[in-house]
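A.B. asks: In mature numbering (1 follows the signal peptide of the UniProt record, and there is no 0), the protein residues as written are -18 to -1, 1 to 229.
Please see the structure below; I have some questions.
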């Protein structure tokens, strides 16, 4: 009986000891759990702080993007406005250029018309298209004397190379009253098969013969219609001199 009681007492002592040990382990476990909870809370706070910073940076970046977008939009607006102004200026310049071109053309035409009939003190008339001076001599001479007279004035009997020049010479000839005949500088050259040549040496690239009147030796111009005729050089006629050099 005493033995059984002893065993029971030992068993109770063992159970009490085990209970104390389990209690201690529970306390330690609770302490560890509290520590882990504290670490988790700290880590969570740290993550929250980082997240807040990131959100702040994102917000600032969005603000900057919005500002940059607004600035770009303003720049685009200014560029568009400048483009419109440039286009308007180009249109105005083109309009002015066309107007000035038209004015220049008109001025040149007016100048040519004016210069065509500008007379110097000695009665010479200037034709801009040929850059030459012309003078009607209202005095009858033979062809050779007429050419010598022109040569003494640093000129030759007139040579004619286009219809416009022929019309101009005719107008000068008509300044002498009534229809007249005037020596021009065209003569036959017996050394060249009797071909016509100009006394100033220029090429014969234009003629205005009246039909059937080119058979004689020296040419003359009629003031009535501007046609050419031919006679022998011994006839005494009025004549027209031409010079290309400046006075």
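All C-beta atoms in this analysis are idealised placements derived from N, C-alpha and C, irrespective of residue type, glycine included.
1) Return the bridge partner residues of residue 119 from the DSSP annotation.
2) From what residue to what residue does the alpha helix (DSSP H) around residue 134 run?
3) Quick check: what's the CA-CA separation for residue 146 versus residue 138?
4) Less than 8 Å between C-beta atoms, sequence neighbours within five positions excluded: which residues of the same chain meet that for residue 205?
5) Comparing alpha-carbon positions, which option in 42, 63, 150 lies nearest residue 209?
6) Report the partner residues of residue 170 according to the DSSP bridge assignment.
7) Output the distance between the C-alpha atoms of residue 143 and residue 78, rounded to the nearest integer angstrom.
8) So, is residue 183 buried or exposed, given that buried needs 16 or more other C-beta atoms within 10 angstroms?
9) Would you check if the distance between the CB atom of residue 126 and the CB atom of residue 196 is smaller than 8 Å?
10) If we call anything under 8 Å between Cβ atoms a contact, is residue 134 one with residue 224?
11) One question on the structure: do residue 121 and residue 220 come within less than 8 Å of each other, judged by their Cβ atoms?
12) Is DSSP giving residue 207 helix, strand or coil here?
13) Indicate whether residue 226 and residue 213 have their beta-carbon atoms separated by less than 8 Å.
14) Hey, quick one: how far does the beta strand (DSSP E) through residue 107 stretch, first residue to last?
15) Tell me the residue span of the alpha helix (DSSP H) that contains residue 275.
16) Alpha carbon to alpha carbon, how far is residue 116 from residue 177? Give it in angstroms, no decimals.
17) Where does residue 188 fall in DSSP's three states?
18) Hey, residue 129 and residue 105: beta-carbon distance below 8 Å or not?
19) Could you have a look at residue 201 and say whether DSSP puts it in helix, strand or coil?
20) Classify residue 33 as helix, strand or coil using the three-state DSSP reduction.
21) Hey, residue 190 and residue 148 are a contact pair by Cβ (cut 8 Å); roughly how many whole angstroms apart?
C.D. replies: Taking the definition as stated:
1) DSSP, once it has assigned bridges, lists 221 as partnering residue 119.
2) Start and end: 125 to 134.
3) If I take the Cα positions, the gap works out to 19 Å.
4) 152, 155, 156, 158, 161, 162, 163, 164, listed in sequence order.
5) Cα-wise, what sits closest to residue 209 is 150.
6) Per the DSSP secondary-structure output, residue 170 pairs in a beta bridge with 178.
7) Taking the straight line joining both Cα atoms gives about 38 Å.
8) Exposed: under 16 other Cβ atoms inside 10 Å.
9) Between residue 126 and residue 196, the C-beta spacing is not below 8 Å.
10) No, they are not a contact pair.
11) The Cβ atoms of residue 121 and residue 220 lie closer than 8 Å to each other.
12) Residue 207 falls in the coil class under three-state DSSP.
13) Result no, Cβ atoms of residue 226 and residue 213 do not sit closer than 8 Å.
14) Under the DSSP assignment, residue 107 falls in the beta strand (DSSP E) whose first and last residues are 107 to 109.
15) An answer regarding residue 275 cannot be provided, because it is not within the stretch -18 to 229 covered by the chain.
16) The alpha-carbon of residue 177 is positioned some 25 Å away from that of residue 116.
17) Coil.
18) Result no, Cβ atoms of residue 129 and residue 105 do not sit closer than 8 Å.
19) Strand at residue 201.
20) Note: residue 33 maps to helix in three-state DSSP.
21) Contact between residue 190 and residue 148 holds, with the beta-carbon distance rounding to 5 Å and staying under 8 Å.
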